[in-house]
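When you line the sequence shown up against UniProt numbering, it's residues 1 to 1156, in that order. Only one structure is covered here, and it is reproduced in the block below.
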Amino acid sequence: QLVKQSQDEVVDEVTWKISPVNERLQAVSKYTPEVIKALAASSKINLSPIRSSGNKETCLDKVITSPTPKVPLSFKRISSARDVSGQSPFRTPPSYRPDKVQRVKDIERIRPCDNLLLRQNKKALLELLDQVEDAIAVDDVTVCNNNTYSFKVPQDLIANELPVKVNPTVERTKSDIPKEVVDVFSSNYLVLEVSELRSADSSDAPCSSYKVLRLLNEQTGEERAVNLHNEWFDSVIAPGDTVHIIGQFDLGGNCDIDHNKNFLIVHPDILVSGTRVAASLSCPRRTVLDERLKNNDYSIIALTGTLLHQIFQAGLTKENPTVNFMEDYAEVVLQRNIESLYACGVNENDVRKTLRDAIPRILSWIKQFKNTKVIDIEEMAWAPKYGLKGMIDASVRVKIQSQKDDPEEKIMPLEFKTGKAPYSQASSVEHRAQVILYTLLMSERYQKAVDSGLLYYLRSDQTQGIVVQRSDLTGLIMRRNELASDLLKALTLQQLPPMLQAHGGSTESSGLGEAFDSLSNHMTSSHSKFLCRWDRLIDLEAKETELLKKGVLQSHRLNSGGLSSIVLDASQGIPHQKSLNDNKFVYHFIQQDSSSSLSGVFDASSSASLKNDLDFTLRSGDHVILSNQSSHQIIAKGVISDISPIHVSVSFSKRLRIPGSSSTAHDLSQQVWRIDKDEYVTSFAIMRFNLVQLFLQNDQSAHLRRMIVDLEAPRFDSGSLVSQDPAISYVWSEKSLNDDQRGAILKILTAKDYALILGMPGTGKTSTLVHAVKALLIRGTSILLTAYTNSAVDNLLIKLKAQGIDFVRIGRHEVVNEEVREHCLSAMNVQGVEDIKIRLEQVKVVAVTCLGISSPLLANTRFDVCIMDEAGQTTLPVSLGPLIFASTFVLVGDHYQLPPLVQSAEARENGMGISLFCRLSEAHPEAISALQSQYRMCQDIMDLSNALIYGDRLRCGSFEVANSKLEFSGLNCDLPWLEDVLNPRRPVIFIDTDKLPALEARDQKIVNNPIEAQIIAEVAKELVKNGIGSEHIGIITPYNSQANLIRNAASMTSLEIHTIDKYQGRDKDCILVSFVRSTENPTSCAASLLGDWHRINVALTRAKKKLIMVGSRRTLLRVPLLKLLIKKVEEQSGILTVTKKDIYRKSELKRCSQMR
């Protein structure tokens, strides 16, 4: 082990002895955070077993529950019954709690190979330390010479303390909060080692044992020790886990966590909702499944509860609400949720009666609690400190009357339940748990003690007061920790919590008996392997996104990334709700220094700002998180409604409010804000649900399994094509179609299972689909149109609209193209469920994105054909979703262009980057109909992609396309080399920068090339000067940072400058490509983005008449595919080498050397 533990038999204090490795680790940790990461990586591999204290029953194994406290409406002080032993009912059920010996065995089963890998990692770490020891100066690092580690006391020694103090005698929460506890984001710790010890007064009692965690602060390199006593001893923690400590470390760097003080949060970066934690008390397995799968089932009971919540909240916020107001608002709520009513198959009149019947009880409660002031409703609260998040029904301020003292005012959560007060202990415990967890979230959000909550049951008209006990918090936080571990285990190991034993069942069968076989015997071994493999791939990708989530929280701490230093635009004022039915409040933000543009979103104003360059670009329709930049407090979630280089507008469901503030217009305008993309909005739950749907026991799923899993050959109608079918007659008579397009449509019309359309660049794929839709409609076929992106869906719909074809577009208003928004139901005068039925029966074409299929409008809907565009870019699990809705499907794409975007390298290497289109194309080439006549590129540009990718299968659709050239009003350039570049008789030009000082610039992971950026900008300006409109010019580069540099250098906002990935599906008359990479000793470029032939293909096939490439010929020749490209350009006499003499004759380029 790197750090040896000094442990005597009977000691109260644990000390850590230093090994020579630890001295070096301490010395270099400040300068080489990679070493810390290496240690963390090696520690995570070592799932070393924790020594068990045996099978003796501990004093923690008993679960004692207390009855649900009921408080009358006229109560004076909120109280909560508590059992005499002081234990909380919020404990893991005995039927679920794993046996400690079994846990050790589970760990030991995977230990041998892991330990080998661990030794290899530690050996590599030692070698790394030996190499850097002599090279790194450690003048300011003092290492003690004695054998015992001497902890220094840094300024941040005191960790976050729970915002309540506990009196061990009565264990009631106090309302004083330490002044020093203000930082929400203190350090997390890496667990290096876990051991079990006995206290000095050890006896046979198992409670005398305690667990010791040796921790490492990954930011500072400092070590700490935490001792887990009492119930905390049972926490399941392994080396490599991340923990957060809520409590104080003493001067020796130790912290005790026991029944009376401090808390341990395991995996704090996994934010678990309070609702999930409460639900897991009864069944952890179901809770994990609910978190992992997005279910499309619609329940009228759940929907009615949602509607009553909204009415109740409206009554709370309305001053002196009346019956008329509440009934009017009930109509608004019904209208807002009309699509969900349609999905439930109910009429709004039936639900209206239920809502109106509840209004008198709601008003009665509001009047009886008239002294209750509502602070906020649906308050979003994130507490990374506790690893919790939640949406609080209502945050209220309540006056509590005491017999002795003056009235006491408290803030607390109010949880609203639409049913009766439960008779069962389990339901009661779950509801109380929600309230208690909300008090914890509010304590963190308001930075003051919140020790009480209200629980109101509508149907039984009962109100319960909940007082938080220390034992309750302990039980719930431990349950939260166990749930976080369960979620992580499901994500990384595909292991779910065990099934709870059903009544009358056995341990082996878990009560399922033959039910399991009856539900799974339709699956073959190959089906099971397919399911497990893709479930694993989805989890690998989800795990990568977990790191992005962690990055969002990290960016809040470090003020890095995101869109920072923005303020509300005072000239726009504070938005007001236009009507009851308008549930949107749009706020406009500008840069704090209004003279500058929004850096990080559109461009960087200097090369220095590129250090915070984003991996994403915010755009209209994105879900975002708004937070306070100085306090790091997350305020609200919203959707970008409009964005430009100088402002961003965000739509929220309610007015912005700063906790603990009056939140006036002046208060809000004084705040400095930041916006981050909400990485929590992910598709993984939908992907898993789609995968499960594929293996259901029904005819549609069985058919898809045969096609997709078993790879059965697709069938096509072999009947005569010259029959009386009017659809086929239409195809043969349509003069605008070429032979390829006509063949593709006939393939679609004759498909019994599926057809694949290979749409090569510029081959008129969208036009072909429009005619295919028209032909299918002639038959009366119902069609589901889908694609991964909104833009692809809308591009097709715009052309259908031009042909007079009616359709319904399903999607959020913010992300739908303006030209087709009128086809959204939200834009129509839909008054009730019957109107929706009539509208959907009228149209045969419905369009939605692949991830939008969970819309309630698609509930219980079937189509004859599903046509999916962008199928080559869509992952297999995402593709499955729309296919479930149709009998036959058509995939349209080009797997020679960009594959699905997969963040996880491991998932990509194991096949997640292989689309369903690619899988079926390789299995059954006979199902493919290729579009090969292209109408985009001139001959010379097309020849490049033919030579590199398509094997001369592409051909120009006409003589005019083959010979098209840029047309200048009169070519007049200041420099000869620019005339050569713009020469319209040379459609392909490669500007070689090898004779310039044009090496790439690197800053950590960011790479760019200032000289190339300036050359690209100069060529673009020259094109515009000579009469080529900027709207006809596009600039492409593989790297975000280079795109930002070019934007700054070109200073033309009308120029479209994007990465390769964002240019797929687009084209321009003239395309400029900056390859960026240029090194004196090129060795690694083949493994970079330039080595991805899919991306190179996209870059080369965007230009219609002129393709201008800039790069280092010497560097690019090291990439095999680009070597072929250079050779082909040489054959076309398109290489142009520029020198210093050529470049520096133009004064504007003299500053190039200063940009590096």
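C-beta atoms are modelled at their ideal positions from N, C-alpha and C, and glycine is treated no differently. As the structure is a prediction and not an experimental result, all values here were calculated from the model.
For Gln-693, the closest C-alpha among the options Leu-777, Pro-882, Arg-908 and Cys-973 is that of Pro-882. Assignment of Gly-1111 by DSSP, reduced to helix, strand and coil, places it in the strand class. Between His-632 and Ala-484, the C-beta spacing is not below 8 Å. Taking C-beta atoms as the reference points, Pro-726 and Tyr-754 fail to come closer than 8 Å.
Taking Asn-1026 as reference, the option from Glu-967, Gln-1042, Gly-621 and His-1058 with the minimal CA-CA separation is Glu-967. DSSP places Glu-1080 outside both helix and strand once states are collapsed to three, so it counts as coil. By the Cβ neighbour-count rule, Ala-1020 is buried, with 16 or more other Cβ atoms within 10 Å of its own. Between Ile-949 and Tyr-896 the beta-carbon gap is near 5 Å, inside 8 Å, which marks them as a contact.
Where Val-450 is concerned, there is no enclosing alpha helix (DSSP H), because DSSP gives it neither an H nor an E. Secondary structure note for Asp-667: its alpha helix (DSSP H) is the uninterrupted segment 665-669.
Around the CB of Trp-732, fewer than 16 other CB atoms lie within 10 Å, so the residue is classed as exposed. Annotation for Leu-563: the continuous beta strand (DSSP E) segment containing it runs 563-568.
Ser-460 has its alpha-carbon roughly 22 Å from the corresponding atom of Thr-322. Taking all protein chains shown into account, His-823 has 16 or more neighbouring C-beta atoms within 10 Å of its C-beta and is therefore buried. The C-alpha of Asp-539 is placed about 8 Å away from the C-alpha of Phe-684.
CA-CA distance, Lys-752 to Leu-190, rounds to 56 Å. A contact is defined here as three or more CB-CB pairs under 8 Å, and the segment 406-414 meets this definition with respect to the segment 377-395. The three-state reading of DSSP puts Arg-812 in coil, since its state is none of H, G, I, E or B. Of the residues assessed, Cys-532 falls on the exposed side of the cut-off, its CB having fewer than 16 other CB atoms within 10 angstroms.
For Asp-699, the three-state secondary structure derived from DSSP is helix. For Gln-572, there is no enclosing alpha helix (DSSP H), as DSSP marks it with neither H nor E. Contact between Val-846 and Leu-784 is confirmed by a C-beta separation of about 6 Å, below the 8 Å threshold.
In this structure, the straight-line span from the alpha carbon of Leu-1122 to that of Cys-850 is close to 34 Å. Rounded to whole angstroms, Gly-1091 and Pro-1120 show a C-alpha spacing of 8 Å. Contact holds between the segment 339-353 and the segment 289-309, because three or more Cβ pairs, one in each stretch, are under 8 Å apart. Runs of the alpha helix (DSSP H) lying entirely within the UniProt domain "DNA replication factor Dna2 N-terminal" (218-372), each at least 4 residues long, are 274-280, 284-292, 300-317, 323-336, 338-344 and 348-368 in chain order.
For the beta strand (DSSP E) assignment, the uninterrupted runs of no fewer than 3 residues enclosed by the segment 876-952 are, from N- to C-terminal side, 886-893 and 928-931.
One thing to note: Gly-621 has its Cβ within 8 Å of the Cβ of Arg-812. Glu-967 carries a coil assignment under DSSP once its states are collapsed to helix, strand and coil.
Residues of the same chain with a CB within less than 6 Å of the CB of Asp-869, apart from the 5 flanking positions on each side, are Ala-787, Ala-792 and Val-892 in chain order.
Residue state for Glu-979 is assigned as helix, using DSSP reduced to three classes. Per DSSP, the unbroken alpha helix (DSSP H) holding Ile-838 starts and ends at 833-842. Contact holds between the segment 1056-1072 and the segment 1032-1041, because three or more Cβ pairs, one in each stretch, are under 8 Å apart.
Between Cys-255 and Ile-265 a beta carbon distance of about 13 Å is seen, past the 8 Å cut, so the two are scored as non-contacting. Within the model, the alpha-carbon separation for Lys-801 versus Val-865 is close to 19 Å.
8 Å or more divides the Cβ of Phe-1075 from the Cβ of Gly-1134.
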